[in-house]
Amino acid sequence: MNDKIKVGFIRKAHGLKGEVKILPLTDDSRRFKKIKKLFLENSNESLIEYEVESVRIASDEVILKFKNVNDKDAADLLRGIFIYINREDAISLNDWEFYTQDLIGLSVYYKEENIGKVTDVLNTGANDNLEILLNKNSKHIYYPFVRTFIDNVDLEKGYLFVNQYEGFFD
């Protein structure tokens, strides 16, 4: 699924005509207005293409209607499903912007030593935090994904370098 980008989560059906409420996983919900097709993950984790019929933005949610999903019962079946777009349809990112899914799995280095692996990225409001599984004690720590504390991210080579005061990772 590396050719797809996760862009939202279907929270529930909306109304009686087959619309769904989507929690967007983007900082600009208006991007959904340009999307013509989405991919929904089914129970065996393969993706099924759906055409988008209409999109409305309602505060922090997107209300979306898929073609051929025409009633509340059909929309209810989509509850709890993540939605994706083709990577080539994704917006271009600026320097030091990354898709969350691209950070998961990166090896984490501190002072040239591989100290662990990124297992998740959590948004806590002010900034994203990397969940890192440490190699030496198998503990999870949370590390701010803030440029001040990250020296380098190389998605192609699969690593990121962090900096911190001495003893932070002990």
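Its first residue numbered 1260, the sequence shown is counted upward by one per residue in this note's numbering. Don't be surprised by glycine CBs; every beta carbon is placed ideally from N, CA and C. These numbers were taken from a predicted model, which means no experiment stands behind them.
Whole-angstrom distance between residue j and residue i, CA atom to CA atom
i, j, result
"Lys-1416", "Lys-1296", "31 Å"
"Asp-1410", "His-1399", "21 Å"
"Asn-1386", "Val-1421", "16 Å"
"Ile-1342", "Gly-1267", "5 Å"
"Gly-1274", "Glu-1304", "27 Å"
"Thr-1285", "Asn-1301", "22 Å"
"Phe-1408", "Lys-1271", "38 Å"
"Gly-1375", "Leu-1365", "9 Å"
"Gly-1339", "Ile-1350", "25 Å"
"Arg-1290", "Glu-1425", "42 Å"
"Ile-1269", "Ile-1281", "4 Å"
"Asn-1353", "Arg-1406", "13 Å"
"Val-1314", "Leu-1336", "19 Å"
"Ser-1397", "Lys-1292", "43 Å"
"Pro-1283", "Ile-1322", "10 Å"
Own chain, CB closer than 8 Å to residue i, minus 5 neighbours either side, in chain order
i, result
"Gly-1277", "Lys-1324, Phe-1325, Val-1328, Asn-1329, Asp-1330, Lys-1331, Ala-1333, Ala-1334"
"Ile-1363", "Val-1377, Thr-1378, Asp-1379, Val-1380"
"Tyr-1368", "Ile-1374, Tyr-1418, Leu-1419, Phe-1420, Val-1421"
"Tyr-1401", "Leu-1381, Asn-1388, Leu-1389, Glu-1390, Ile-1391"
Residue i, DSSP secondary structure in three states
i, result
"Asp-1335", "helix"
"Phe-1427", "coil"
"Ser-1288", "helix"
"Lys-1324", "strand"
"Phe-1408", "helix"
"Lys-1241", "Residue numbering for the chain in the displayed model covers 1260 to 1429; residue 1241 lies beyond these limits and cannot be assessed."
"Lys-1293", "helix"
"Ile-1340", "coil"
"Lys-1265", "strand"
"Leu-1414", "coil"
"Ser-1305", "coil"
"Lys-1271", "strand"
"Lys-1276", "coil"
"Ser-1318", "coil"
Sequence-distant residues of its chain with Cβ nearer than 7 Å to residue i (five each side left out)
i, result
"Tyr-1358", "Ile-1264"
"Val-1412", "Phe-1357, Leu-1419"
Contacts around residue i, its chain only, beta-carbon distance under 6 Å, and the 5 residues preceding and following it disregarded
i, result
"Thr-1378", "Glu-1390, Leu-1392"
Whole-number beta carbon distance between residue j and residue i, since they are thought to touch under 8 Å
i, j, result
"Asp-1262", "Arg-1346", "5 Å"
Note down, one range per segment and in chain order, each alpha helix (DSSP H) of at least 4 residues found wholly within the stretch 1346–1393.
1359–1362
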